[in-house]
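**Q** In our numbering, the protein residues as written are 426 to 678.
Built from N, CA and C at the ideal position, the CB exists for glycine as well.
Note that the structure is a prediction, hence the values are computed from the model and not measured.
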């Protein structure tokens, strides 16, 4: 059953290439031309294990971090004014940003973000595709946490979610080692993976439920439960440094 049949409203397609900051800016400008307020933003796109040689458009950033973290961050910050307007026009005085991370963040290790791996440098090629992906999922959390701190006074609340292991097309492009790791993991987790519609439940709860309205800077796990932060999901020093790094990358876009 289609969305229009259920709700009486029609979805509007907005072209968005998260691996291209100029394309993200264009998408944000197109949204602004149609809407003055944004009440809920779901940052849920991304890539898992593209080949190491794939980089973002014109930025020389590795595709995982550039797409999964920087692309979403740039979109969110391009739409800050619209989110503020959304908060002012919401009955509860809040606009929500839901950032999709992953259980993979628990496989990330200190120093949490290896800054030399974010561009096409030798340090990046020394890391496995799995480790690079886990790092990007920590990046989603780090951005979410810092956004929550900086914009709470404007009515913008930001939370991160682990949607659970589920089958999607995100794992299609992988190198051989990455493919082997994912295959072995999938064999172990075969009986605890869920369909994509189940994977969306936690995001939808955080984005729409009144029960989540008071959460800010939170970390939610399946199914729709708030969980406590620990070293793998929160590090204020790294979060501030990531915020500054994002600001530098956004210049000129």
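Identify, in the order they occur along the chain, each residue of the same chain with its Cβ nearer than 6 Å to the Cβ of residue 595, setting aside the five sequence neighbours on each side.
**A** With a pLDDT of only 43 at residue 595, under 50, the local geometry of the prediction cannot be trusted, and the value read off the model is given with reservation. Cβ neighbours of residue 595 beyond the five flanking positions: 473.
**Q** So, is residue 572 buried or exposed, given that buried needs 16 or more other C-beta atoms within 10 angstroms?
**A** buried
**Q** How about residue 520 and residue 508: are their beta carbons less than 8 Å apart?
**A** yes
**Q** Cutting at 7 Å between CB atoms, please list the residues of its own chain near residue 663, excluding the five before and the five after it.
**A** Only 537, 538 and 567 meet the Cβ criterion.
**Q** Taking C-alpha atoms, which residue in 632, 451, 437 and 448 lies nearest to residue 585?
**A** 632
**Q** Please list the terminal residues of the continuous beta strand (DSSP E) segment that includes residue 521.
**A** 520-525
**Q** Would residue 667 be called buried (16 or more neighbouring beta carbons within 10 Å of its own) or exposed?
**A** buried
**Q** Any chance you could list the beta strand (DSSP E) runs of at least 3 consecutive residues sitting entirely within the segment 611-662, in chain order?
**A** Runs found: 644-646 and 650-652.
**Q** Please name the residue, chosen from 427, 429, 493 and 438, that lies closest to residue 530 on a Cα-to-Cα basis.
**A** 493
**Q** Tell me where the beta strand (DSSP E) around residue 584 begins and ends.
**A** Note, residue 584: beta strand (DSSP E), 581-586.
**Q** How about residue 499 and residue 468: do their beta carbons lie closer than 8 Å?
**A** no
**Q** For residue 489, which three-state DSSP category applies?
**A** helix
**Q** Would DSSP call residue 570 helix, strand or coil?
**A** helix
**Q** Out of 461, 457 and 431, which has the shortest C-alpha to C-alpha gap to residue 515?
**A** 461
**Q** What are the boundary residues of the alpha helix (DSSP H) that residue 438 is part of?
**A** Where residue 438 is concerned, there is no enclosing alpha helix (DSSP H), given that its DSSP letter is neither H nor E.
**Q** What first and last residue would you give for the beta strand (DSSP E) that runs through residue 466?
**A** 465-468
**Q** Use the C-beta contact count for residue 582: other C-beta atoms within 10 angstroms, 16 or more gives buried, fewer gives exposed.
**A** buried
**Q** Which same chain residues, not among the five before or five after residue 598, have their C-beta less than 7 Å away from its C-beta?
**A** Since pLDDT at residue 598 reaches only 46, below the 50 mark, its modelled position is unreliable, and the value read off the structure follows with that caveat. If we look at residue 598 and ignore the five residues flanking it on each side, its Cβ neighbours are 474, 475 and 476.
**Q** Hey, out of 512, 458 and 491, whose CA is closest to residue 466's CA?
**A** 512
**Q** For the alpha helix (DSSP H) containing residue 680, name the first residue and the last one.
**A** What is shown of the chain runs 426 to 678, which leaves residue 680 out entirely.
**Q** Between which residues of its own chain and residue 563 is the CB-CB distance below 6 Å, once the five residues before and five after are set aside?
**A** Taking residue 563 as the centre and dropping the five residues before and after it, the same chain places the C-beta of 530, 533 and 537 closer than 6 Å to its C-beta, in chain order.
**Q** Helix, strand or coil for residue 428? Go by DSSP, reduced to three states.
**A** helix
**Q** Is the beta carbon of residue 525 sitting closer than 8 Å to the one on residue 565?
**A** yes
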